[in-house]
Amino acid sequence: MVSVVQFLPLLAAVGLLTLLALSPAVRPLDRGLSRVAWVLFEGEKIEPNVERRRVLRSAGIGTPYRLYQAKTFLYSTLAAVGGVVLGGYAAGALIEFLGIDRLNAPIAGNIFRPLPDWLVSFDAKYFALLFVGALLLGGGAAGLVYVVRWNIPSVRADTRRRQIDAGMPRMIAFVYALSRGGMSFPAVMRTLSDNSDVFGTGAEEMGIGVRNIDLFGDDLVSSIRDLATRTPSEQFQSFAENLTSVLQSGQELSGFLRDEYERYRDAAEEQQQEILDVLATASEIYVTVVVAGMLFLITILLIIGLTSGGMLRLLQLITYVVLPATNVLFIAYLSEVTQPLRATRNSRPDEADPSDGGPGSPVATDGGEALLGARTRENVARLRVHRRLARFQRVFTDPGRVLLDKPSLLLYATVPLALLFVAVQFPTYYADGAFDVRALDDVVIQAALFVLATFGVVYEVSRRRLERLEGAVPDLLDRLASLNEAGLSVVSSFDRVRRSDIGALDEEVDRIWRDIQWGATVEEALERFEKRVRTPSVTRIVTLLTNSMRASNEIGPVLRIAAEQARADRKLKRQRRQETMTYLVVIYVSFLVFLVVIGAIDTVLIPNLPTGAETSGASGIGGPFGGIGDVAKADYQLVFFHAGIIQAALSGLVGGQMAGGSLKDGLKHASVMLLVAYLAFLVSQDLSLSGSFAAGPVGLL
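Here's what the structure looks like:
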């Protein structure tokens, strides 16, 4: 009888490994393990490693080298202990599963003859196997944890490098514009650091220099020199070193930043072209491996299954596991490749609540938070409730505008409706007393089409609206710059511009002017405009303008730079769309080829295959195909039907990820391909039932 006590070591090992897995997410547990590791492995005596220390700093992990190494030793030790226990249990379970009751080695019999009988008994060999299994898994776990722990900083540093390189052109444009507008460079660094949510990891890197100045008393040159030594990006390092030389020599900063801005703007075009070349290669690999390769493999396995049998399970494994997995891995790869083409975020964070202790909270004279009176707290509570109710009220009063602003909100309505539709159709799944997979497939596909199509339409309308708005932004900035350079204030410039025709931005400029008339500052009106539009380009422009106006009212040069950068972004996006359209067409064509072949096999070849009785004939001699039963025919047809449907949905996601750089762009393509595949199977099945496909398998082959 199996006792629970026998599994206590196993439970302890699983609990130990669970603690290791949870320690990065649970701060008290992480601090406790840090203290234990520091004391147990004498962290102060660990010899420093210059290269690993540099990688830790580049990765921005924030843990000193000695502490990180001590924790690595502790994690490896605990993993070894847990691995030893799991290895012993795994070896014992394997022996029991294989049913091994004796361990004899005829070749090595003479070698073990001098040993005592108890040492060559089954129990001794059984213990030796358990020991070897425990040793292998324990050592492997310790080595794996150690290697992974020291590879994490390298991976993070490489990720930060790519993120910094991707944001360098926009960050340099922001720095150049603010400096051209008259802001001192320390203030530029501080402003850039405060807007790291807009300009990404490069702004966070600049924030380290601000921290060195504010907390450690470093001068400007020393702080920038430190950034050059710790950054993982060679581009940022080159910029920081050149900037240090300019600041030390007293050269003109604006001229240097202008040259850097133009250089990185050209580099952005080269970087995009490199990414497009990678996407071109990726599309060819996808068509060759994922589409044509899977199609060839499935067809070959079908032929083997028809001649020798036993391939249905393997076909199901490929259809339900391998095919989705390869598509998902490809989507993840495309997401990584196209990451430099995407902005860090689409909008600013929401305004802080006055009572949440954030930036908007009242501050006491000693630096703490001022206590709110009872009446003020009641007013704040009412304001919070009003804001929440206003959001729901807007959904019902103007749902079209809300959905255009946030198309993802539509999923909160369509997904529950689709699930309800699937649940309501439950009786149809058992119409004949047995579970009908085809009926379930029809309902699920129709529900998925409803969700994907509705979201795709709303998202596409919203995307085109935002593109029209972004297209009119450079013209708006040029007009504001001309008026400001002519001597008009920013407020008067908006008053003049709203009277002219600026295309898609007419309504938005009127709303900006209306906000100003109702008492809002220009900064507040622009921030509200940014929250309504919510595009990366507009977010960067509004951030630039609001910070420039705080430094000076003469922002004509800043507006010119912003307009120039907006045009450059539009040009890059237009070139990218033209290039990726070719890749999208290739994916559509490959999908249609996949669908035609799968559909022909599913609705023409398999239904016309002879059964076992038909192939044997009166003489009892089988044909080239052994024949399959009606049940096997239905199973094969179901597998090929699912293969076509799965490939349709995932090919659409891949195409959208490749063309637009986002899964949201892929949902509309997924809905189109899924609809085409579903209708094609329905039509072909109707034709098959009506007798239009009467050809036998020999004629088809």
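The sequence shown stops at residue 739 when you use the numbering used here, and every number in between is there.
Ideal Cβ positions, reconstructed from N, Cα and C, are used throughout, including at glycine.
Test item: CB-CB of residue i and residue j under 8 Å
i, j, result
"M209", "M227", "no"
"T178", "G219", "Checking the sequence shown, residue 178 turns out to be Gly, not Thr. No; because the gap between Cβ atoms is not below 8 Å, this pair is not in contact."
"L216", "S538", "no"
"I356", "S271", "no"
"A510", "L543", "yes"
"E508", "R615", "no"
"T97", "R249", "Sequence inspection shows Ala at residue 97; the Thr mentioned does not correspond to that position. Cβ distance not < 8 Å, so A97 and R249 don't count as in contact."
"A477", "T466", "yes"
"I262", "T282", "yes"
"L622", "A697", "yes"
"G70", "L105", "no"
"F632", "V329", "yes"
"A241", "N233", "yes"
"V213", "T581", "no"
Where residue i falls: helix, strand or coil (DSSP)
i, result
"D232", "helix"
"S700", "coil"
"D474", "coil"
"A97", "helix"
"D539", "coil"
"M221", "coil"
"F79", "coil"
"W188", "helix"
"I27", "What is shown of the chain runs 39 to 739, which leaves residue 27 out entirely."
"K444", "coil"
"P645", "coil"
"S590", "coil"
"N280", "helix"
"R506", "helix"
"A108", "helix"
"E290", "coil"
"Q309", "helix"
Straight-line gap, residue i to residue j (C-alpha atoms, nearest Å)
i, j, result
"T110", "P512", "52 Å"
"I99", "R200", "17 Å"
"A686", "A320", "18 Å"
"V418", "G557", "21 Å"
"A51", "N87", "32 Å"
"R517", "L490", "41 Å"
"A75", "G171", "28 Å"
"Q377", "Y468", "47 Å"
"Y626", "V692", "10 Å"
"D394", "G247", "At D394 the pLDDT is 46, less than 50, meaning the model places this residue with poor confidence and gives no usable figure here."
"G125", "R73", "29 Å"
"H424", "R439", "20 Å"
"T115", "P66", "20 Å"
"V634", "Q723", "13 Å"
"R426", "A204", "37 Å"
"G53", "L60", "10 Å"
"L295", "Q309", "20 Å"
"E85", "R501", "55 Å"
"I684", "Q675", "14 Å"
"D640", "L713", "17 Å"
"R91", "L253", "22 Å"
"T101", "L49", "31 Å"
"I323", "R612", "25 Å"
Contact set for residue i: own chain, Cβ-Cβ below 7 Å, skip 5 residues either direction
i, result
"E561", "T584 and M587"
"N522", "V528, S531, E592, I593, G594 and L597"
"Y113", "L58, V183 and R187"
"L46", "none"
"A606", "R303"
is_contact[residue i, chain B] using C-beta, thresh 8 Å
i, result
"N417", "Of the protein chains in the structure, only one exists, and it is not chain B."
Beta-carbon proximity list for residue i, same chain, < 8 Å, skipping 5 on both sides
i, result
"Q695", "I369, L372, S373, T376, L701, D703 and G704"
"V535", "L514, R517, L518, L521 and V547"
"A166", "none"
"L749", "Outside the modelled stretch of the chain, which goes from 39 to 739, sits residue 749, for which no answer is possible."
"L339", "M349, L352, L353 and I356"
"D533", "W551"
"L132", "G171"
Residues near residue i by beta carbon distance below 6 Å, same chain, minus five either side
i, result
"Y302", "M206, P207 and I210"
"A638", "none"
Three or more C-beta pairs below 8 Å linking the segment 273–282 and the segment 568–577: no
Stretch pair the segment 434–453 + the segment 671–687: three plus CB contacts closer than 8 Å: no
The segment 705–716 touching the segment 483–498, judged by at least three CB pairs closer than 8 Å: yes
contact_flag[the segment 453–462, the segment 494–508] where n(CB pairs < 8 Å) is 3 or more: no
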